[in-house]
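Beneath this line is the structure, given in structure tokens, with notes to follow.
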Amino acid sequence: MSEAVELDHVAIATDDIDTLLATLVGDLGGTVLFGGDGYGFRWVQTRLGDAAAGMTVESLVVWRPDVDDFLARFLARHGGGTHHVTFKVPDLLAMLDACRAAGLTPVGVRLDDPEWQEAFLQPREAHGTVVQLAQTTDPRPVADVLPRVAAEGPTGTPLWWPAPPARAVRAVTLRHVVLGSPDRAATVSFLRDLLQGRVDDEDTTGTVLVWPGGGRIRVEDADRAGVLRLDATGAPVRTVTLAGVPLTVA
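The sequence shown: position 82 = 81 (the numbering used here), numbered continuously.
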């Protein structure tokens with residue numbers, strides 16, 4: 000388990016997993032890593048990049064909403080879109096104490112499973128997006144996962160998702176999750192001081208923070224808080240949508 004906080008993935012909710020995976024894999028050249036099911040949802044993660052650079056996108060679909068209907072309610076209210084950003088932490092209890100000391104109120108705290116413990120910060124306290132905080136005994140570093148996937152294919156508990164098309168030959172690298180903020184200084188402080196991001200770059204319209212695992216967030220001045228888009232590098236230059244979330248390739 001890492002001793003540092005790491006930005007692990009950005010999660011996108013969809014009611015059309017076929018189209019989302021077709022874009023992630025067939026258009027953007029992503030690599031499907033693994034997936035499974037949870038309480039009220041199923042998930043599958045796709046890497047846009049490699050072990051040296053890039054980030055992971057988690058696709059979420061409704062499954063057994065009778066157990067937990069949080070994702071069904073989200074889709075009914077918003078349609079597809081960014082659902083949360085996940086940070087893996089070395090000590091969830093210590094992070095919860097730090098959140099409360101900062102005046103925040105974690106919700107959805109689940110500590111009963113030693114392999115995966117989690118809590119959430121709501122958008123009104125997390126600068127426009129849901130933040131998932133998770134501690135796991137199975138970190139699955141992408142540097143270990145990618146060679147196994149190349150040799151054996153993705154794994155699932157279960158492997159539930161539809162077979163995506165062949166990977167695009169020209170793969171892109173996901174560089175930033177871009178957050179809008181009416182108060183950039185406050186959002187940067189939240190990501191730096193609480194979630195241990197390191198300021199890597201800054202210009203007149205935005206600030207970039209990075210985490211040890213390669214995760215990157217750019218905070219841009221905007222009228223509304225929340226995820227504005229995803230930024231990637233590659234070719235050809237274009238903009239695609241991932242369940243309503245713009246992804247720009249430049």
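Think of the CB as a built atom: it goes at the ideal place given N, C-alpha and C, for glycine as much as any other residue.
Problem set entry | Length of the line joining the Cα atoms of residue 61 and residue 152 | Rounded to the nearest whole angstrom, the CA to CA distance from residue 61 to residue 152 is 24 Å.
Exercise. In terms of residues, what are the limits of the alpha helix (DSSP H) holding residue 150?
Worked result: 141 to 151 is the extent of the alpha helix (DSSP H) around residue 150.
Problem set entry | Where residue 7 falls, given that 16 or more other Cβ within 10 Å makes a residue buried | It is buried - the Cβ of residue 7 has at least 16 other Cβ atoms within 10 Å.
Exercise. When the Cα of residue 175 is compared with those of 206, 136, 154 and 215, which residue comes out closest?
Worked result: Residue 175 has its Cα closest to that of 215, out of 206, 136, 154 and 215.
Exercise. Near residue 194, what residues of its chain come up, given a Cβ to Cβ distance below 6 Å and the 5 sequence neighbours on each side ignored?
Worked result: When the five nearest sequence neighbours on each side are left out, the beta carbons in the same chain lying within less than 6 Å of the beta carbon of residue 194 are those of 4 and 86, in order along the chain.
Exercise. Measuring CA to CA, which of 130, 23, 92 and 47 is closest to residue 113?
Worked result: Of 130, 23, 92 and 47, the smallest CA-CA separation from residue 113 is found for 92.
For this session: Under 8 Å by Cβ, that's how I've got residue 105 and residue 118 pegged, so tell me the actual separation to the nearest angstrom.
Result: Yes, residue 105 and residue 118 are in contact; Cβ-Cβ is about 4 Å, under 8 Å.
For this session: Give the straight-line distance between the Cα atoms of residue 9 and residue 37, rounded to the nearest whole angstrom.
Result: So the alpha carbons of these two residues sit roughly 17 Å apart.
Problem set entry | Segment limits, beta strand (DSSP E) that includes residue 13 | Counting along the chain, residue 13 falls outside any beta strand (DSSP E), and DSSP gives it neither H nor E.
For this session: Name, in chain order, the residues that DSSP records as bridge partners for residue 163.
Result: None, per the DSSP bridge assignment.
Problem set entry | Through-space distance from residue 129 to residue 241, alpha-carbon basis | Residue 129 has its alpha-carbon roughly 18 Å from the corresponding atom of residue 241.
For this session: Could you check what DSSP says for residue 217 in three-state terms: helix, strand or coil?
Result: Note: residue 217 maps to strand in three-state DSSP.
Problem set entry | Distance, residue 21 Cα to residue 134 Cα | Their backbone Cα atoms lie some 31 Å apart in a straight line.
Problem set entry | Exposure label - residue 56; buried when at least 16 CB within 10 Å | By the 10 Å Cβ count, residue 56 comes out buried.
Problem set entry | Neighbourhood of residue 183 by C-beta distance below 8 Å, restricted to the same chain and skipping five residues each side | Result list for residue 183: 205, 206, 218, 219 and 220, in chain order.
Exercise. Going straight from the alpha carbon of residue 42 to that of residue 156, what length do you get?
Worked result: Here the alpha carbons of residue 156 and residue 42 stand approximately 10 Å from one another.
Exercise. Count the other CB atoms within 10 Å of the CB of residue 32; is the residue buried (16 or more) or exposed (fewer)?
Worked result: Here residue 32 is buried, its C-beta having at least 16 other C-beta atoms within 10 Å.
Problem set entry | Extent of the continuous beta strand (DSSP E) run through residue 230 | Note, residue 230: beta strand (DSSP E), 225 to 232.
Exercise. How about the region 224 to 242 and the region 161 to 180: do they share at least three Cβ pairs that are nearer than 8 Å?
Worked result: With a cut-off of 8 Å, the region 161 to 180 and the region 224 to 242 count as touching, because enough Cβ pairs lie within range.
Exercise. When you compare only the Cα positions, how much space is there between residue 192 and residue 101?
Worked result: Those two C-alpha atoms are separated by around 10 Å.
For this session: Using the Cα positions of residue 23 and residue 158, report the straight-line distance between them to the nearest angstrom.
Result: Those two C-alpha atoms are separated by around 17 Å.
Exercise. Three-state secondary structure (DSSP) at residue 34?
Worked result: Strand, per DSSP.
For this session: Kindly indicate the opening and closing residues of the alpha helix (DSSP H) around residue 236.
Result: Careful: residue 236 lies outside any alpha helix (DSSP H) and carries neither H nor E.
Exercise. Looking at the unbroken alpha helix (DSSP H) that takes in residue 171, where does it start and where does it end?
Worked result: Per DSSP, residue 171 belongs to no alpha helix (DSSP H) and is neither H nor E.
Exercise. Where does residue 78 land, buried or exposed, given buried means 16+ other C-beta within 10 angstroms?
Worked result: Counting other Cβ atoms within 10 Å of its Cβ, residue 78 stays below 16 and is therefore classed as exposed.
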